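Enquirer:
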Amino acid sequence: MVNICLVEDEQKVSAFICKGLEENGYKVHTAKDGASAKSLIQAANFELLILDVMLPDINGIELCRQIRLNNTKTPIMMLTALDQIQNKVSGLKAGADDYLVKPFHFSELLARIEALLRRQNIIVPEDHTLTFDDLKLDTWSNIAERAGKQIVLTAKEYTLLELFMRHPNKVLSREYIAEQVWKIDFDTGTNFIDVYVNYLRNKIEKGFKGKLIHTVIGMGYILKTDK
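Each residue of the sequence shown is one higher than the one before, counting from 36 in our numbering.
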């Protein structure tokens, strides 16, 4: 199993990344600051390091520079909300191999991780295709198909479908969907979750046999078959 060290002080972001990576076959160890990250890296072997730039005790770029003094091979990816070119240049000069700006789609993070590992000839998990009934989702190419027919989705529709397919036969509340797909708290006075679920339903159900996304009154939605 590929071991990844994630250094991120924002708990929600860290939990989101960990959950997604573990669902894709990776083992993730986390640290909330530079000091604990250095201790963790010294105590274990990792195939990839993911460092947030804005840490409470040390800048992630400086942490990357310090790690590179003793470790020249392990791929390092930087995560940051800072989109200026100079920040990217500083991170790369400090020894980072890649630089991803927040907010990002998880599928892009996953693809970048796989690319970095392939450069090191590290075997990445092969579970990149999600299937449910006759519905298939390739998380590498971001292509959705049902009964062999490709379905064109928007970015949010894709993320919403991926969420359902990673949690089949489970009721997902509107609050959970809002947090996972839009990274916001759900406002009970709005119906945008219902609107997007209907958009998705029309695309994956219209013209196909069988309903897949069902409403659970008072609770949310569930991906299941009629069988």
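The C-beta atom is built at its ideal place from N, Cα and C for all residues, glycine as well. Keep in mind it's a predicted model, so treat the numbers as computed, not measured.
Is it a yes or a no for the region 199 to 214 touching the region 252 to 259, going by three-plus beta-carbon pairs under 8 Å?
Expert: Cβ pair count under 8 Å is three or more, so yes.
Enquirer: How about L56 and V63: do their beta carbons lie closer than 8 Å?
Expert: Yes, the Cβ-Cβ distance between L56 and V63 is below 8 Å.
Enquirer: With H, G and I counted as helix, E and B as strand and the rest as coil, what does DSSP make of N38?
Expert: N38: strand per DSSP, three-state reduction.
Enquirer: Buried or exposed: R181, going by 16 or more other Cβ atoms within 10 Å of its Cβ?
Expert: R181 should be labelled buried.
Enquirer: For T65, which beta-bridge partners are listed by DSSP?
Expert: Note: T65 sits in a beta bridge opposite L41.
Enquirer: With DSSP as the reference, label G255 as helix, strand or coil.
Expert: Looking at G255 - three-state DSSP - the assignment turns out to be strand.
Enquirer: Which first and last residues belong to the beta strand (DSSP E) in which V124 is found?
Expert: First-last for V124: 120 to 128, but that is the alpha helix (DSSP H), not the beta strand (DSSP E).
Enquirer: For the putative contact between M34 and T115, defined by C-beta atoms under 8 Å, what is the C-beta separation to the nearest angstrom?
Expert: The question about residue 34 has no answer, for the chain in this structure spans 36 to 262.
Enquirer: Can you say whether T250 is buried or exposed, counting buried as having 16 or more other CB atoms within 10 angstroms of its CB?
Expert: Exposed.
Enquirer: Classify T194: buried if its beta carbon has 16 or more other beta carbons within 10 angstroms, exposed otherwise.
Expert: That one is buried.
Enquirer: Quick check: what's the CA-CA separation for S125 versus N233?
Expert: About 44 Å.
Enquirer: Report the CB separation of M200 from L172 in whole angstroms; it is logged as a contact under 8 Å.
Expert: About 5 Å separates the two Cβ atoms, so the contact holds.
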